[in-house]
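In what follows, a structure is listed as structure tokens, so that the remarks can point back to it.
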Amino acid sequence: MKQLTRLALAGAVAAFGTGAVAQELFTPNLSYRTGPFAATGIPLMNGQKDYMDMLNARDGGIGGIPINFEECETGYSTEKGVECYERTKGAAIVTQPWSTGITLQVLPKTNVDQIPILAPGYGFSPMSDGKTFQWAFNPPASYWDGASMLLQAISDGDLSNLEGKKIAHLHLDHPYGKEPLPLFEAMAEKHGFELLPIPVGLSEMQNQSAQWLQIRRERPDFVIMWGWGAMNAGAITEAVKTRYPMDQFVGVWWSGHSDDLQLVGEDGAGYRAISWSLPNPDAPVMAAIREHVVDTGKTLASAEELDEVFYGRGVVISAILAEGIRVAQEMHGTAEISAPQLRDGLANLDFTQARIDELGLTGMMAPFSTSCSDHTGHSGGWMIEWDGAKFVQASDLLTADRAAIDPLEAEKAAEYAAANAPWPVNEDCDS
Amino acid sequence: MEFLRAVFIDPFADMIAAPDFLLQVLWEGLVSGVLYALIALGFVLIFRSSRIFNFAQGIMVVFAALTLVGLHQMGLPAWFAFAGTLLVMFLLAVVIERVVLRPLVGQPDIMLFMATIGITLFLVGGGEIIFGGENKQMISDELGIPDASLEFNPFDGFLLIEARDITVVVGAALMVAALLVFLNRSKMGRAIRALGDDPQAALSVGISLTTIWVLVWFMAGIIALMTGIAWGSRAGVSFALEIIALKALPVLMLGGLESISGAIVGGIAIGVLEKLFEIYWGQPLMGGGTEGWFAYVLALTVLLFRPQGLFGEKIIERV
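Residue numbers (my numbering), protein chains in the order written: chain A, 1 to 431; chain B, 432 to 750.
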């Protein structure tokens with residue numbers, strides 16, 4: 001009898017527990033606040049977390065359902081990332097892998113598990129092709145978009161100016177660093193510039209003297225950096241040491257972190273990076289975060305961090321996810337959405353300028369929209385420039401040369417699907 | 432034929448054509464080598480006295496550098512922060528001896544090695560909780576490390592040398608000299624060597640195992656602090672510094688685990704040779720990125736002919 005009572009009690013607790021757990025939007029973040037990449041991960045994760053905490057505090061979540069923004073620490077390790085994915089996928093409505101290596105590993109799994117991947121500004125660039133990659137989203141810009149915009153920036157908008165020039169691609173020797181290579185190679189062939197890939201291994205991130213000796217010997221006209229974590233600071237300090245002209249040194253959006261440039265201060269003035277987000281301390285959303293998260297002692301960020309590029313980008317990333325959830329709730333008429341329903345939301349994002357203003361994100365991001373076939377939106381981005389003390393906006397909005405990227409994207413997406421056959425393709429997806 | 436030319440002729444032709452660049456490569460190799468040697472020294476010191484391969488040496492570098500920067504950020508003047516860091520490293524040595532090593536006396540070496548992995552995990556977690564994972568700026572200026580860049584013009588070319596790197600090389604040389612004098616001339620130094628040579632005999636003549644272990648771990652802590660300052664002043668202080676400790680492994684394989692001279696010669700040899708190979712063979716022929724494996728291949732090649740390393744002792748055990 002006692003045993004039966006215990007069983008009944010356990011059943012009741014389990015049932016109650018299940019019910020309680022269901023009353024939340026579980027959006028795990030495969031974060032990295034530790035290890036060699038923590039310096040760049042921390043402000044991003046803080047921005048993401050604070051935005052979600054603000055929504056929970058101000059609005060009670062999204063559509064009245066609180067958000068469970070649990071973090072699973074990966075240390076930017078692909079193996080740990082896959083473990084985190086497996087551990088969190090049960091109740092998750094989305095997965096945020098936070099590394100191109102992890103994204104590539106979980107990409108095939110999400111077809112089976114039917115969980116959308118949200119990889120804003122990172123991952124495999126052809127994920128933009130929503131017909132082939134039904135469960136993957138990389139808004140608002142892909143790495144190939146970034147590569148295209150950087151080439152435009154250094155050529156003053158006319159890629160024919162690059163003919164006969166030598167461009168070094170200084171990159172982390174990791175799937176992330178190699179990601180833009182196919183586009184750079186295609187552009188080099190088309191526009192007649194010489195591409196010089198220079199890999200930086202993990203153990204050389206803080207001692208890049210060999211890479212910068214190569215740059216001194218080869219004298220490239222431009223250096224494009226695809227760095228991350230400690231590699232950025234290592235490259236900037238070596239560039240200063242080698243006296244490489246800073247106005248010929250540019251980086252992708254993950255190589256535009258204030259802390260990395262603080263190490264060299266004035267000597268780094270003129271360094272530029274492409275960025276699809278801008279910090280705006282005066283934006284209404286930042287005021288809301290200060291009121292509901294910072295002033296209540298819930299943030300992990302320092303006061304100075306709130307005004308920096310990476311923190312602001314973390315806020316934008318969570319805003320994209322939150323908007324996807326809201327759109328999904330509206331489309332399906334329920335606040336408690338499932339993972340497949342969130343996929344519909346992410347495929348129907350419409351960040352018009354009016355909507356950006358309404359969300360309080362004025363001046364922090366550019367308009368974009370996604371669709372069934374376009375999972376990126378291609379918002380474009382701005383060049384930001386280090387003025388010796390902080391990053392400032394240094395260009396109008398640039399947009400990627402999609403006419404050049406689209407054929408390559410279709411080719412690589414088809415190659416991926418063929419290499420991983422049978423790969424499900426959404427034939428109904430026309431728009 | 433073209434390949435043979437690229438391997439055997441072109442690199443040397445490049446060296447002759449641009450001797451100023453060759454000097455720059457050699458200087459950068461020397462600085463890297465000194466930094467590798469500094470990390471390897473910490474391993475050697477502990478192994479000599481206790482036969483423990485200290486897996487935690489890399490994280491000790493990070494922990495010491497973070498403590499220095501952290502204490503300064505808390506308002507302590509730079510040299511007080513330096514003294515405070517030495518105190519922290521001493522306390523760490525005492526705690527490691529009392530809590531980790533003493534209970535494991537007499538256990539197989541692998542147990543002690545595993546214990547140092549535990550120390551690593553503890554310091555990673557503790558360091559991140561106390562200091563955070565953000566990249567921090569080393570307090571080089573406050574410690575008086577010069578920041579100037581010196582330009583020379585040998586062979587009608589140019590050679591850039593950072594005053595900071597000269598400080599590192601000179602500082603490392605002085606530290607090694609002091610270490611050798613201490614180990615060879617002082618009573619405690621001889622006790623450390625005696626314990627490494629024959630623990631049973633050393634204990635039987637009254638050498639205190641606990642005192643020596645605290646001392647060598649403290650000395651390894653001092654070396655870790657100096658290494659952290661040297662590396663940190665180049666590209667900031669972050670947990671990425673821990674990865675650099677991997678560079679000490681081929682140095683130890685090459686120089687031998689017990690030899691301070693081996694660590695110095697091995698470190699400098701690997702630093703210079705890997706840089707020369709990367710610049711003149713790796714980048715032109717293999718697209719670069721050879722520094723990740725070159726040192727290991729070099730060390731393994733040496734081990735084929737001298738299994739004890741260049742300066743290691745040949746151990747013969749009677750069975």
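In this text, a Cβ means the ideal position worked out from N, Cα and C, and glycines have one as well. Since we're looking at a predicted model, the values are computed, not measured.
Residues Asp260, Leu261, Leu263, Val264, Gly268 and Tyr271 of the same chain have their beta carbon placed closer than 8 Å to that of Ile236(A), with the five preceding and five following residues left out of the count. Secondary structure of Lys49(A) (DSSP, three-state): helix. Beta-bridge analysis with DSSP links Leu25(A) to Ile67(A).
Cβ contact annotation for Val309(A) (same chain, cutoff 8 Å, sequence separation greater than five): Gly256, His257, Ser258, Ser275, Ser277, Leu278, Pro279, Ile384 and Phe391, in chain order.
Judged by DSSP secondary structure, Val293(A) falls outside any alpha helix (DSSP H); it is assigned neither H nor E. Listed along the chain, the chain B residues whose CB falls inside 7 Å of the CB of Pro197(A) are Gly718. Bridge pairing for Met383(A): Ile274(A) [DSSP]. One Cα belongs to Ala339(A), the other to Gly719(B), and the distance between them is close to 43 Å. By the 16-neighbour rule on beta-carbons within 10 angstroms, Lys706(B) is buried. Linking Met149(A) to Phe26(A) through their CA atoms gives a straight-line distance of about 35 Å.
Distance between Gly297(A) and Gln48(A), taken at the CA atoms: about 16 Å.
Here Lys745(B) carries a coil assignment [DSSP, helix/strand/coil]. Interface flag for Lys706(B) against chain A is set, since a Cβ pair is found closer than 9 Å. In the structure shown, Gln504(B) falls within a helical segment according to DSSP collapsed to helix, strand and coil. The shortest CA-to-CA distance from Glu204(A) to any of Ile674(B), Glu744(B), Ser635(B) and Asp441(B) is the one to Ile674(B). Linking Arg533(B) to Thr641(B) through their CA atoms gives a straight-line distance of about 7 Å. Interface annotation, Asp59(A): not in contact with chain B, CB-CB separation never under 9 Å. Chain-ordered listing is empty here: chain B has no CB closer than 9 Å to the CB of Arg313(A), the nearest sitting near 16 Å. According to the DSSP assignment, Val392(A) belongs to no alpha helix (DSSP H) but to the beta strand (DSSP E) extending over Phe391 to Gln393. Around the beta-carbon of Pro681(B), 16 or more other beta-carbon atoms lie within 10 Å, marking it buried.
In this structure, the beta-carbon distance from Ala468(B) to Gly663(B) does not fall below 9 Å. When DSSP states are grouped into helix, strand and coil, Met205(A) belongs to the coil group. Under a criterion of Cβ atoms nearer than 9 Å, no residue of chain A is adjacent to Gln504(B); the nearest Cβ is some 11 Å distant. The Cβ of Asp50(A) sits no closer than 9 Å to any Cβ of chain B.
Closer than 9 Å to the CB of Ile167(A) there is not a single CB belonging to chain B.
In the displayed model, Ile560(B) falls within a helix according to three-state DSSP. By the 16-neighbour rule on beta-carbons within 10 angstroms, Ala168(A) is buried. At least 9 Å separates the CB of Phe351(A) from every CB of chain B. The three-state secondary structure of Asp267(A), taken from DSSP, is helix. The segment 445 to 453 of chain B and the segment 610 to 628 of chain B do not touch, with fewer than 3 CB-CB distances between them shorter than 8 Å. Beta-carbon to beta-carbon, Leu656(B) and Leu517(B) are separated by about 7 Å, close enough to satisfy the 8 Å threshold.
Listed along chain B, the residues sitting closer than 7 Å to Gln206(A) by beta-carbon distance are Trp662, Arg665, Ala666, Ala671, Leu672 and Ile675. Chain A has no Cβ within less than 9 Å of the Cβ of Ile447(B). In its chain, beyond the 5 residues on either side, Thr362, Met365 and Pro367 have a beta carbon closer than 7 Å to the beta carbon of Ile356(A). Glu565(B) is classed as buried because its beta carbon has at least 16 other beta carbons within 10 Å across all chains shown.
Taking a contact to require three or more Cβ pairs closer than 8 Å, the segment 318 to 325 of chain A and the segment 40 to 59 of chain A qualify as touching.
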